[in-house]
Amino acid sequence: MINLHPSLLPSFPGMNGIGQAFDHGVKLTGCTVHWVTLALDAGPIIDQKEVRIEEKDTLELLKKKVHIVEHQLLPDVVARLSKGKIKSL
Numbered sequence: 002m003i004n005l006h007p008s009l010l011p012s013f014p015g016m017n018g019i020g021q022a023f024d025h026g027v028k029l030t031g032c033t034v035h036w037v038t039l040a041l042d043a044g045p046i047i048d049q050k051e052v053r054i055e056e057k058d059t060l061e062l063l064k065k066k067v068h069i070v071e072h073q074l075l076p077d078v079v080a081r082l083s084k085g086k087i088k089s090l
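Numbering (the numbering used here), first residue to last: 2 to 90.
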């Protein structure tokens, strides 16, 4: 099983990854697809996609930016998994 998480793990695991990144004032966030394990958002990372946080960004704009890259990353990972290009755990 895989999971799509809205931060660059291992930073900002758990709920509200985008808000956590925004509140911490980091300049780079993004999303991660990882294998699900018993530990929260701690499974091996399959792939990540970065999103730069600009000074003009509001939390709502940042959420939209992250969701755009999530919609690119997840289908790409699923396609690579289905073609056997990513080894399962």
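All C-beta atoms in this analysis are idealised placements derived from N, C-alpha and C, irrespective of residue type, glycine included.
Take residue i and list the residues in its own chain whose beta-carbon comes closer than 6 Å to its own, dropping the five residues that flank it on each side.
i, result
"Val78", "Val34, Ile47 and Asp48"
"Ser12", "none"
"Val52", "Thr30, Gly31, Lys66, Val67 and Val70"
"Lys28", "Ile54"
"Leu90", "Trp36"
"Met2", "Val37"
"Lys86", "none"
Between residue i and residue j, is the Cβ-Cβ spacing less than 8 Å?
i, j, result
"Leu60", "Ile54", "no"
"Thr38", "Val67", "no"
"Leu41", "Gly20", "no"
"Lys57", "Leu74", "no"
Output the distance between the C-alpha atoms of residue i and residue j, rounded to the nearest integer angstrom.
i, j, result
"Val70", "Ser8", "11 Å"
"Leu5", "His72", "10 Å"
"Ser83", "Asn17", "29 Å"
"Asp24", "Lys65", "16 Å"
"Ala43", "Leu10", "8 Å"
"Pro76", "Lys88", "16 Å"
"Arg81", "Gly26", "33 Å"
"Pro45", "Ala22", "21 Å"
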